[in-house]
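Residue 100 in our numbering sits at position 74 of the sequence shown, and the numbers go up by one each step.
Cβ coordinates follow ideal geometry from the N, Cα and C atoms, glycine included.
Just so you know, these numbers come straight off a predicted model, no measurement behind them.
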Amino acid sequence: MYVPITLANLLSPMLIAAVLAWFGAQSTKIIIDLIEGKRLSSDVIYRTGGMPSSHSAFVTAMTMSVLLTEGLSNLFFISLGFSIIVAVDAFGVRNQVGTQAKLINILIKEIKFNLRKHNMKFLGELVGHSGLQVFFGMVTGVISSLIVHFIIF
27 MYVPITLANL
37 LSPMLIAAVL
47 AWFGAQSTKI
57 IIDLIEGKRL
67 SSDVIYRTGG
77 MPSSHSAFVT
87 AMTMSVLLTE
97 GLSNLFFISL
107 GFSIIVAVDA
117 FGVRNQVGTQ
127 AKLINILIKE
137 IKFNLRKHNM
147 KFLGELVGHS
157 GLQVFFGMVT
167 GVISSLIVHF
177 IIF
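Put into structure tokens, the structure is as follows:
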């Protein structure tokens, strides 16, 4: 079924809750960086990894919003499955990628490989999440969807 993009669709509680959760999680990362005395950079709002997981926050807010709007429907269970996949990926696969990146960067330093000569950079190491970061991302998502559904709408 074709659904045209309208202002009503863009202002749906589901989308607003998910975007609010993502923005809240990313903003929390900035606050944590400031508390830890880190220097802010322009890419901080798009950065992956860290506390809390913005991916988990986004999909959890979406799933909770579907539950609050549609109940235990097919759409809810599809959304729940998607959320579980994203959370497992953030904690498992992407966390392992970050660990592997750290080891590869250590090896590059030890063998004194010239990255500039090959127009390459060190690998990004903060790409995954710990279980706690995923959990607090989910908490952020639940809170965001509750705020949107019971306070804003």
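Close Cβ partners of residue i (< 6 Å) along its chain, the five nearest in sequence each way excluded
i: L94; result: H175
i: F117; result: H155, G157 and V160
Residues near residue i by beta carbon distance below 7 Å, same chain, minus five either side
i: W48; result: S80, A83 and F84
i: E96; result: F102
i: Q126; result: none
Distance CB(residue i)-CB(residue j) smaller than 8 Å
i: S67; j: T86; result: no
i: G163; j: P39; result: no
i: S99; j: M88; result: no
i: G50; j: S170; result: yes
Helix, strand or coil at residue i according to DSSP, with G and I counted as helix
i: V29; result: coil
i: P39; result: helix
i: F84; result: helix
i: K135; result: helix
i: F179; result: coil
i: E62; result: coil
i: L106; result: helix
i: S99; result: coil
i: S171; result: helix
Residues of its chain near residue i, where Cβ-Cβ distance is below 8 Å and the 5 sequence neighbours each way are ignored
i: T54; result: M77, P78 and T166
i: V168; result: T86, A87 and M90
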